[in-house]
Structure formats: structure tokens, C-alpha cells
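S.K.:
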Amino acid sequence: MPMRTEITPLLIVTKLEQYDYAGATALAVVMLVISFALLLLINGLQAWSSRRQRH
410 MPMRTEITPL LIVTKLEQYD YAGATALAVV MLVISFALLL LINGLQAWSS
460 RRQRH
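Under the numbering used here, the final residue of the sequence shown carries the number 464; numbering is consecutive throughout.
1. Which parts of the segment 413 to 441 are runs of the beta strand (DSSP E), unbroken and 3 residues or longer, counting only runs that do not cross its ends?
2. Please state if the CB of residue 447 and the CB of residue 417 are separated by a distance shorter than 8 Å.
3. Kindly give me the distance between the Cβ atoms of residue 451 and residue 433, rounded to whole angstroms, as I take these residues to be in contact under 8 Å.
4. To the nearest angstrom, how far is it from the Cα of residue 426 to the Cα of residue 419?
Right, here's the structure in full:
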């Protein structure tokens with residue numbers, strides 16, 4: 410199902426093939442922000458867990 414089950418890297422490539430550089434960049438930036446947010450969340454949970462186990 411187009412536009413419902415496509416993964417983001419495929420959407421980025423499709424945008425690039427259509428010369429929609431702004432759209433491809435926007436998708437890439439959104440994915441980058443989500444990735445950093447998840448990394449920060451995981452780091453925070455690990456730090457919280459290790460502090461909790463010591464007490």
C-alpha cells in the first residue's frame with residue numbers, strides 16, 4: 410500500500426528521485442531528531458536504573 414506501509418529510507422530515496430531535496434532533508438532531520446531522542450531516553454533509563462540498584 411503506497412504511502413501507508415513504506416519505510417522512511419525508501420521515502421527519502423523516492424523524494425530524492427523526484428528532486429524534492431527539501432522533503433528528503435525534512436524526513437532525514439525528523440529521523441535524526443527521533444534517533445537522538447531515543448538515545449537520550451535509553452541513556453537516562455540506564456542511569457536511573459543503575460542509581461536505583463545501588464540504593
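The C-beta atom is built at its ideal place from N, Cα and C for all residues, glycine as well. All values reported here derive from a predicted model rather than from experimental measurement.
M.R.: A quick look at the data gives this:
1. Fully enclosed beta strand (DSSP E) runs of 3 or longer: not present.
2. The residue labelled residue 417 in the question sits at position 8 within the sequence shown. The residue labelled residue 447 in the question sits at position 38 within the sequence shown. With respect to residue 447, residue 417 sits apart: the two C-beta atoms are not nearer than 8 Å.
3. The count along the sequence shown starts at 1 and reaches residue 451 at position 42. The count along the sequence shown starts at 1 and reaches residue 433 at position 24. Wrong, their Cβ atoms sit about 27 Å apart, outside the cutoff.
4. Within the sequence shown, numbered from 1, the residue matching residue 426 stands at position 17. Within the sequence shown, numbered from 1, the residue matching residue 419 stands at position 10. Cα to Cα, residue 426 sits roughly 11 Å from residue 419.
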